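In what follows, a single structure is set out as C-alpha coordinates and then discussed.
Numbering (this note's numbering), first residue to last: 54 to 445.
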(Lines of atoms letter the chains of each structure in order from A and count residues from 1; the text may use other names and numbers.)
(Lines give C-alpha, C1' and ligand atoms only; values in the text may rest on other atoms or scores of the structure.)
Protein backbone atom coordinates (compact mmCIF):
# COMPACT_ATOMS: atom_id res chain seq x y z
CA UNK A 1 0.00 0.00 0.00
CA UNK A 2 1.39 3.37 -1.08
CA UNK A 3 0.28 6.56 0.68
CA UNK A 4 0.52 9.77 -1.33
CA UNK A 5 -0.15 13.09 0.34
CA UNK A 6 -1.13 16.57 -0.81
CA UNK A 7 -2.14 19.73 1.01
CA UNK A 8 -5.75 20.92 0.74
CA UNK A 9 -6.20 24.52 -0.35
CA UNK A 10 -9.64 26.00 0.26
CA UNK A 11 -11.65 28.61 2.17
CA UNK A 12 -12.03 28.92 5.93
CA UNK A 13 -15.68 27.86 5.73
CA UNK A 14 -14.56 24.64 4.02
CA UNK A 15 -12.00 24.00 6.75
CA UNK A 16 -14.75 24.47 9.35
CA UNK A 17 -16.79 21.78 7.59
CA UNK A 18 -13.79 19.43 7.74
CA UNK A 19 -13.48 20.12 11.48
CA UNK A 20 -17.11 19.09 11.95
CA UNK A 21 -16.51 15.88 10.00
CA UNK A 22 -13.46 15.09 12.14
CA UNK A 23 -15.43 15.65 15.36
CA UNK A 24 -18.22 13.43 14.07
CA UNK A 25 -15.78 10.66 13.16
CA UNK A 26 -14.35 10.86 16.68
CA UNK A 27 -17.88 10.70 18.11
CA UNK A 28 -18.60 7.52 16.12
CA UNK A 29 -15.33 5.96 17.24
CA UNK A 30 -16.00 6.66 20.93
CA UNK A 31 -19.63 5.50 20.71
CA UNK A 32 -18.69 2.18 19.14
CA UNK A 33 -15.99 1.69 21.76
CA UNK A 34 -18.52 2.42 24.51
CA UNK A 35 -20.89 -0.16 22.99
CA UNK A 36 -18.12 -2.78 23.15
CA UNK A 37 -17.43 -1.95 26.80
CA UNK A 38 -21.08 -2.16 27.83
CA UNK A 39 -21.93 -5.43 26.05
CA UNK A 40 -20.45 -8.90 25.85
CA UNK A 41 -19.44 -10.81 22.71
CA UNK A 42 -19.41 -7.71 20.52
CA UNK A 43 -17.61 -8.24 17.21
CA UNK A 44 -16.54 -6.07 14.30
CA UNK A 45 -19.84 -6.57 12.46
CA UNK A 46 -21.78 -5.40 15.51
CA UNK A 47 -19.81 -2.16 15.54
CA UNK A 48 -20.49 -1.69 11.83
CA UNK A 49 -24.23 -2.14 12.40
CA UNK A 50 -24.16 0.38 15.24
CA UNK A 51 -23.03 3.09 12.79
CA UNK A 52 -26.40 2.98 11.03
CA UNK A 53 -28.21 3.18 14.38
CA UNK A 54 -26.20 6.24 15.38
CA UNK A 55 -27.00 7.88 12.04
CA UNK A 56 -30.74 7.53 12.80
CA UNK A 57 -30.36 8.84 16.36
CA UNK A 58 -28.14 11.85 15.65
CA UNK A 59 -28.63 14.19 12.70
CA UNK A 60 -24.98 15.28 12.63
CA UNK A 61 -23.85 11.63 12.46
CA UNK A 62 -26.15 11.08 9.48
CA UNK A 63 -24.36 13.91 7.65
CA UNK A 64 -21.11 11.94 7.66
CA UNK A 65 -20.65 9.56 4.74
CA UNK A 66 -21.71 5.98 5.58
CA UNK A 67 -18.31 4.51 4.68
CA UNK A 68 -16.58 7.19 6.75
CA UNK A 69 -18.69 6.08 9.72
CA UNK A 70 -17.63 2.50 9.09
CA UNK A 71 -13.98 3.57 8.90
CA UNK A 72 -14.36 5.24 12.31
CA UNK A 73 -15.78 1.99 13.70
CA UNK A 74 -12.82 0.16 12.17
CA UNK A 75 -10.49 2.36 14.19
CA UNK A 76 -12.23 1.37 17.39
CA UNK A 77 -12.07 -2.30 16.42
CA UNK A 78 -8.35 -1.99 15.65
CA UNK A 79 -7.73 -0.84 19.23
CA UNK A 80 -9.92 -3.66 20.58
CA UNK A 81 -8.19 -6.32 18.47
CA UNK A 82 -4.76 -5.10 19.52
CA UNK A 83 -5.85 -5.45 23.16
CA UNK A 84 -7.12 -9.00 22.52
CA UNK A 85 -3.89 -9.95 20.74
CA UNK A 86 -1.74 -8.63 23.59
CA UNK A 87 -3.80 -10.62 26.10
CA UNK A 88 -3.53 -13.84 24.07
CA UNK A 89 0.21 -13.36 23.66
CA UNK A 90 0.50 -12.70 27.41
CA UNK A 91 2.42 -9.52 26.79
CA UNK A 92 4.14 -8.37 30.00
CA UNK A 93 2.91 -5.16 31.61
CA UNK A 94 -0.08 -3.21 30.38
CA UNK A 95 -2.08 -4.79 27.57
CA UNK A 96 -3.27 -1.53 26.00
CA UNK A 97 -6.93 -1.46 27.00
CA UNK A 98 -8.80 0.77 24.48
CA UNK A 99 -9.43 4.31 25.64
CA UNK A 100 -11.74 7.12 24.62
CA UNK A 101 -10.16 9.95 22.67
CA UNK A 102 -10.74 13.58 23.52
CA UNK A 103 -9.41 15.10 20.30
CA UNK A 104 -9.51 13.88 16.72
CA UNK A 105 -7.19 14.86 13.92
CA UNK A 106 -8.44 12.91 10.91
CA UNK A 107 -11.45 11.52 9.09
CA UNK A 108 -11.24 8.66 6.63
CA UNK A 109 -13.35 7.92 3.56
CA UNK A 110 -13.32 4.65 1.64
CA UNK A 111 -14.54 4.55 -1.95
CA UNK A 112 -17.41 7.06 -1.70
CA UNK A 113 -17.93 10.58 -0.38
CA UNK A 114 -15.16 12.05 -2.54
CA UNK A 115 -14.42 12.61 -6.20
CA UNK A 116 -11.27 13.60 -8.08
CA UNK A 117 -11.33 15.96 -11.04
CA UNK A 118 -10.32 14.70 -14.50
CA UNK A 119 -6.83 16.17 -14.18
CA UNK A 120 -6.63 14.84 -10.58
CA UNK A 121 -5.58 18.23 -9.26
CA UNK A 122 -8.83 18.90 -7.36
CA UNK A 123 -10.90 16.82 -4.98
CA UNK A 124 -14.54 17.32 -3.97
CA UNK A 125 -16.11 15.96 -0.76
CA UNK A 126 -19.82 15.39 -1.24
CA UNK A 127 -21.19 14.13 2.09
CA UNK A 128 -23.60 16.04 4.31
CA UNK A 129 -20.99 18.49 5.59
CA UNK A 130 -20.59 19.98 2.09
CA UNK A 131 -16.89 20.72 2.41
CA UNK A 132 -16.82 21.22 -1.34
CA UNK A 133 -13.94 21.43 -3.80
CA UNK A 134 -10.30 21.72 -2.73
CA UNK A 135 -7.14 22.21 -4.72
CA UNK A 136 -4.44 19.56 -4.17
CA UNK A 137 -1.04 21.16 -3.60
CA UNK A 138 1.95 18.85 -3.68
CA UNK A 139 4.65 17.21 -5.77
CA UNK A 140 3.01 13.77 -6.11
CA UNK A 141 1.25 13.22 -9.43
CA UNK A 142 -1.91 11.14 -8.99
CA UNK A 143 -2.41 10.78 -12.75
CA UNK A 144 -0.17 7.69 -12.73
CA UNK A 145 -2.71 5.75 -10.65
CA UNK A 146 -6.26 4.78 -11.73
CA UNK A 147 -9.14 5.72 -9.46
CA UNK A 148 -9.89 2.03 -8.77
CA UNK A 149 -6.51 1.65 -7.08
CA UNK A 150 -7.28 4.40 -4.53
CA UNK A 151 -8.86 2.43 -1.70
CA UNK A 152 -9.07 5.12 0.98
CA UNK A 153 -8.85 8.89 1.30
CA UNK A 154 -7.93 10.38 4.64
CA UNK A 155 -8.11 14.06 5.68
CA UNK A 156 -5.51 14.90 8.32
CA UNK A 157 -5.45 18.12 10.32
CA UNK A 158 -2.02 19.38 11.34
CA UNK A 159 -0.63 22.56 12.85
CA UNK A 160 0.10 24.08 9.45
CA UNK A 161 -3.07 23.12 7.61
CA UNK A 162 -5.15 20.25 6.23
CA UNK A 163 -3.74 17.38 4.20
CA UNK A 164 -5.28 14.67 2.06
CA UNK A 165 -3.74 11.19 2.01
CA UNK A 166 -4.51 8.76 -0.81
CA UNK A 167 -4.01 5.07 0.03
CA UNK A 168 -3.12 3.43 -3.29
CA UNK A 169 -3.24 -0.35 -3.65
CA UNK A 170 0.11 -0.90 -5.34
CA UNK A 171 3.33 -2.72 -4.50
CA UNK A 172 6.55 -0.76 -4.80
CA UNK A 173 9.67 -2.51 -6.10
CA UNK A 174 13.03 -1.06 -7.15
CA UNK A 175 16.09 -2.59 -8.78
CA UNK A 176 19.03 -3.49 -6.57
CA UNK A 177 22.45 -4.73 -7.59
CA UNK A 178 23.25 -7.61 -5.24
CA UNK A 179 26.93 -7.74 -4.33
CA UNK A 180 26.77 -9.87 -1.19
CA UNK A 181 27.43 -6.98 1.19
CA UNK A 182 26.63 -7.64 4.85
CA UNK A 183 26.52 -5.08 7.64
CA UNK A 184 25.50 -4.98 11.27
CA UNK A 185 24.57 -1.69 12.93
CA UNK A 186 24.56 -0.63 16.56
CA UNK A 187 22.37 2.42 17.21
CA UNK A 188 23.38 4.77 19.99
CA UNK A 189 23.43 8.31 21.33
CA UNK A 190 27.08 9.21 20.77
CA UNK A 191 26.66 8.26 17.09
CA UNK A 192 23.31 7.61 15.44
CA UNK A 193 24.68 4.25 14.39
CA UNK A 194 28.02 2.50 14.03
CA UNK A 195 28.32 -0.33 11.49
CA UNK A 196 30.44 -3.46 11.58
CA UNK A 197 32.97 -1.87 9.21
CA UNK A 198 33.70 0.89 11.71
CA UNK A 199 31.79 3.60 9.82
CA UNK A 200 29.64 5.99 11.85
CA UNK A 201 26.70 8.31 11.17
CA UNK A 202 26.47 11.42 13.31
CA UNK A 203 23.48 11.80 15.60
CA UNK A 204 21.55 14.87 14.31
CA UNK A 205 20.02 15.68 17.74
CA UNK A 206 17.25 17.65 16.05
CA UNK A 207 15.19 18.24 19.19
CA UNK A 208 18.21 19.40 21.15
CA UNK A 209 19.08 21.93 18.45
CA UNK A 210 15.54 23.34 18.47
CA UNK A 211 15.10 23.14 22.23
CA UNK A 212 16.03 26.77 22.89
CA UNK A 213 13.41 28.05 20.44
CA UNK A 214 10.81 25.59 21.74
CA UNK A 215 11.34 26.64 25.34
CA UNK A 216 11.04 30.30 24.43
CA UNK A 217 7.73 29.69 22.63
CA UNK A 218 6.50 27.53 25.51
CA UNK A 219 7.25 30.27 28.07
CA UNK A 220 5.47 32.82 25.92
CA UNK A 221 2.40 30.57 25.64
CA UNK A 222 2.30 29.94 29.40
CA UNK A 223 2.24 33.69 30.09
CA UNK A 224 -0.81 34.28 27.89
CA UNK A 225 -4.25 34.20 29.41
CA UNK A 226 -6.09 30.92 28.87
CA UNK A 227 -8.73 31.17 26.16
CA UNK A 228 -7.30 34.37 24.70
CA UNK A 229 -6.57 34.97 21.03
CA UNK A 230 -2.88 35.60 21.73
CA UNK A 231 -2.59 32.25 23.48
CA UNK A 232 -4.14 30.43 20.52
CA UNK A 233 -1.71 32.15 18.15
CA UNK A 234 1.28 31.33 20.35
CA UNK A 235 0.25 27.71 20.81
CA UNK A 236 -0.15 27.38 17.05
CA UNK A 237 3.40 28.66 16.50
CA UNK A 238 4.67 26.20 19.10
CA UNK A 239 2.83 23.33 17.39
CA UNK A 240 4.32 24.30 14.02
CA UNK A 241 7.81 24.21 15.52
CA UNK A 242 7.22 20.73 16.94
CA UNK A 243 5.84 19.63 13.57
CA UNK A 244 8.97 20.92 11.84
CA UNK A 245 11.20 18.91 14.19
CA UNK A 246 9.17 15.73 13.59
CA UNK A 247 9.43 16.22 9.83
CA UNK A 248 13.18 16.78 10.04
CA UNK A 249 13.50 13.61 12.12
CA UNK A 250 11.50 11.58 9.62
CA UNK A 251 13.42 12.98 6.66
CA UNK A 252 16.72 11.98 8.27
CA UNK A 253 15.45 8.48 9.14
CA UNK A 254 14.12 7.83 5.62
CA UNK A 255 17.25 9.01 3.78
CA UNK A 256 19.62 7.22 6.16
CA UNK A 257 17.66 3.95 5.98
CA UNK A 258 17.50 4.04 2.18
CA UNK A 259 21.23 4.67 1.83
CA UNK A 260 22.01 1.86 4.28
CA UNK A 261 19.81 -0.73 2.56
CA UNK A 262 20.97 0.24 -0.94
CA UNK A 263 24.61 -0.36 0.01
CA UNK A 264 24.13 -3.89 1.42
CA UNK A 265 22.31 -7.17 0.82
CA UNK A 266 21.99 -7.93 4.53
CA UNK A 267 21.33 -5.41 7.31
CA UNK A 268 21.23 -6.65 10.90
CA UNK A 269 20.11 -4.45 13.79
CA UNK A 270 19.10 -4.83 17.43
CA UNK A 271 15.48 -5.49 18.34
CA UNK A 272 15.41 -2.82 21.04
CA UNK A 273 12.51 -2.31 23.46
CA UNK A 274 12.54 1.47 23.25
CA UNK A 275 9.38 1.73 25.36
CA UNK A 276 11.30 0.28 28.29
CA UNK A 277 14.47 2.24 27.60
CA UNK A 278 12.75 5.62 27.87
CA UNK A 279 11.88 4.83 31.48
CA UNK A 280 15.42 6.02 32.24
CA UNK A 281 14.63 9.69 32.88
CA UNK A 282 18.25 10.72 32.36
CA UNK A 283 18.27 9.45 28.76
CA UNK A 284 14.58 9.50 27.79
CA UNK A 285 14.71 12.76 25.84
CA UNK A 286 17.85 11.79 23.92
CA UNK A 287 16.48 8.33 23.10
CA UNK A 288 13.19 9.78 21.87
CA UNK A 289 15.07 12.37 19.82
CA UNK A 290 17.12 9.64 18.12
CA UNK A 291 13.90 7.84 17.01
CA UNK A 292 15.48 4.41 16.53
CA UNK A 293 12.13 2.69 16.01
CA UNK A 294 11.23 5.02 13.15
CA UNK A 295 14.61 4.34 11.55
CA UNK A 296 14.34 0.54 11.81
CA UNK A 297 10.77 0.64 10.46
CA UNK A 298 12.08 2.29 7.31
CA UNK A 299 15.00 -0.14 7.11
CA UNK A 300 12.43 -2.97 7.08
CA UNK A 301 10.39 -1.21 4.43
CA UNK A 302 13.30 -0.52 2.08
CA UNK A 303 14.51 -4.10 2.50
CA UNK A 304 11.22 -5.18 0.92
CA UNK A 305 11.43 -2.53 -1.79
CA UNK A 306 14.97 -3.53 -2.83
CA UNK A 307 14.43 -7.28 -2.19
CA UNK A 308 17.18 -7.58 0.43
CA UNK A 309 17.45 -8.91 3.99
CA UNK A 310 16.70 -6.90 7.14
CA UNK A 311 16.95 -8.89 10.37
CA UNK A 312 16.36 -7.86 13.98
CA UNK A 313 18.35 -9.81 16.59
CA UNK A 314 18.31 -9.91 20.37
CA UNK A 315 20.44 -7.12 21.92
CA UNK A 316 21.51 -9.22 24.92
CA UNK A 317 25.27 -8.96 25.65
CA UNK A 318 26.15 -7.49 22.25
CA UNK A 319 28.02 -4.67 24.02
CA UNK A 320 29.63 -6.99 26.60
CA UNK A 321 30.91 -9.92 24.53
CA UNK A 322 34.14 -9.64 22.57
CA UNK A 323 33.59 -9.87 18.81
CA UNK A 324 36.96 -11.64 18.32
CA UNK A 325 37.10 -14.32 21.02
CA UNK A 326 33.64 -14.19 22.59
CA UNK A 327 34.84 -13.41 26.11
CA UNK A 328 32.32 -11.48 28.18
CA UNK A 329 33.86 -8.17 29.25
CA UNK A 330 31.50 -6.32 31.57
CA UNK A 331 31.49 -2.55 31.20
CA UNK A 332 29.28 0.35 32.26
CA UNK A 333 27.44 2.58 29.83
CA UNK A 334 30.01 5.34 30.35
CA UNK A 335 32.87 3.06 29.21
CA UNK A 336 33.19 3.80 25.50
CA UNK A 337 36.17 1.56 24.67
CA UNK A 338 36.09 -2.24 24.51
CA UNK A 339 39.28 -3.83 25.93
CA UNK A 340 39.37 -7.64 25.98
CA UNK A 341 41.64 -9.09 28.67
CA UNK A 342 41.76 -12.46 26.87
CA UNK A 343 42.78 -11.63 23.29
CA UNK A 344 43.87 -8.03 23.78
CA UNK A 345 41.37 -6.56 21.31
CA UNK A 346 40.85 -2.81 21.68
CA UNK A 347 38.14 -0.98 19.74
CA UNK A 348 35.19 1.35 20.22
CA UNK A 349 32.41 -0.44 22.09
CA UNK A 350 29.84 0.42 19.40
CA UNK A 351 32.08 -1.05 16.68
CA UNK A 352 32.48 -4.23 18.71
CA UNK A 353 28.70 -4.40 19.28
CA UNK A 354 27.99 -3.93 15.55
CA UNK A 355 30.25 -6.90 14.70
CA UNK A 356 28.50 -9.03 17.34
CA UNK A 357 25.09 -8.02 15.92
CA UNK A 358 26.19 -9.01 12.40
CA UNK A 359 27.45 -12.39 13.64
CA UNK A 360 24.13 -13.03 15.37
CA UNK A 361 22.25 -12.12 12.20
CA UNK A 362 24.35 -14.42 10.01
CA UNK A 363 23.77 -17.32 12.40
CA UNK A 364 20.01 -16.70 12.39
CA UNK A 365 19.85 -16.76 8.55
CA UNK A 366 21.43 -20.22 8.26
CA UNK A 367 18.82 -22.57 6.78
CA UNK A 368 16.28 -19.79 6.26
CA UNK A 369 14.38 -19.93 2.96
CA UNK A 370 11.30 -17.89 3.77
CA UNK A 371 10.72 -14.12 3.58
CA UNK A 372 13.77 -12.04 2.76
CA UNK A 373 12.75 -9.02 4.76
CA UNK A 374 10.59 -8.08 7.67
CA UNK A 375 8.67 -4.82 8.04
CA UNK A 376 5.74 -2.78 6.81
CA UNK A 377 3.91 -3.11 3.53
CA UNK A 378 3.03 0.54 3.30
CA UNK A 379 4.77 3.84 2.84
CA UNK A 380 3.82 7.40 3.65
CA UNK A 381 5.34 9.83 1.16
CA UNK A 382 5.49 13.46 2.30
CA UNK A 383 3.42 12.45 5.33
CA UNK A 384 4.10 11.99 9.03
CA UNK A 385 3.25 8.39 9.83
CA UNK A 386 3.09 5.14 7.85
CA UNK A 387 -0.37 3.76 7.13
CA UNK A 388 -0.11 0.92 9.65
CA UNK A 389 0.50 3.46 12.42
CA UNK A 390 -2.62 5.42 11.53
CA UNK A 391 -5.06 2.54 11.74
CA UNK A 392 -6.41 3.81 15.04
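We treat Cβ as the ideally placed atom computed from N, Cα and C, and that holds for glycine. If you're wondering where the values come from, they're calculated on a predicted model, not measured in any experiment.
First and last residue of the uninterrupted alpha helix (DSSP H) at residue 409:
Residue 409 -> alpha helix (DSSP H) spans 402-418.
Could you tell me the boundaries of the alpha helix (DSSP H) in which residue 377 lies?
Here residue 377 belongs to no alpha helix (DSSP H), and DSSP marks it neither H nor E.
Length of the line joining the Cα atoms of residue 140 and residue 146
Cα to Cα, residue 140 sits roughly 10 Å from residue 146.
Top-ranked residue by Cα proximity to residue 174, from 159, 181, 198 and 151:
Nearest of 159, 181, 198 and 151 to residue 174, Cα basis: 198.
Quick check: the Cα distance between residue 176 and residue 103, rounded to an integer number of angstroms?
A direct Cα-to-Cα measurement between residue 176 and residue 103 gives close to 29 Å.
How should residue 303 be labelled, buried or exposed, when 16 other C-beta atoms within 10 angstroms of its C-beta is the threshold for buried?
The residue in question, residue 303, is buried, as its Cβ has 16 or more Cβ neighbours within 10 Å.
Does the beta-carbon distance from residue 80 to residue 114 come in below 9 Å?
Taking C-beta atoms as the reference points, residue 80 and residue 114 count as a pair closer than 9 Å.
Are three or more beta carbon pairs between the stretch 257-274 and the stretch 282-291 nearer than 8 Å?
The answer is yes - the stretch 282-291 touches the stretch 257-274, with three or more Cβ pairs under 8 Å.
Collapsed DSSP secondary structure at residue 122 in the structure displayed:
Helix.
Tell me the DSSP secondary structure of residue 230 in three-state form.
Looking at residue 230 - three-state DSSP - the assignment turns out to be coil, as it is neither helix nor strand.
Ends of the alpha helix (DSSP H) at residue 162?
Careful: residue 162 lies outside any alpha helix (DSSP H), inside the beta strand (DSSP E) at 159-162.
Please return the same chain residues whose Cβ sits closer than 6 Å to the Cβ of residue 122, not counting the five positions on each side in sequence.
Result list for residue 122: 81 and 104, in chain order.
Along the chain, where does the alpha helix (DSSP H) containing residue 80 start, and where does it finish?
Looking at the DSSP string, the run of the alpha helix (DSSP H) that includes residue 80 is 65-91.
By a C-beta neighbour count over all protein chains shown, 10 Å radius and 16 as the cutoff for buried, is residue 100 buried or exposed?
Sixteen is the threshold: when 16 or more other Cβ atoms of the shown chains lie within 10 Å of the Cβ of residue 100, as they do, the residue is buried.
Under 8 Å: do the stretch 126-140 and the stretch 190-197 share three or more Cβ pairs, one atom per stretch?
As far as the Cβ criterion goes, the stretch 126-140 does not touch the stretch 190-197, which means the pair count is below three.
Terminal residues of the beta strand (DSSP E) in which residue 373 lies:
In the DSSP annotation of this structure, residue 373 is not part of any beta strand (DSSP E), being labelled neither H nor E.
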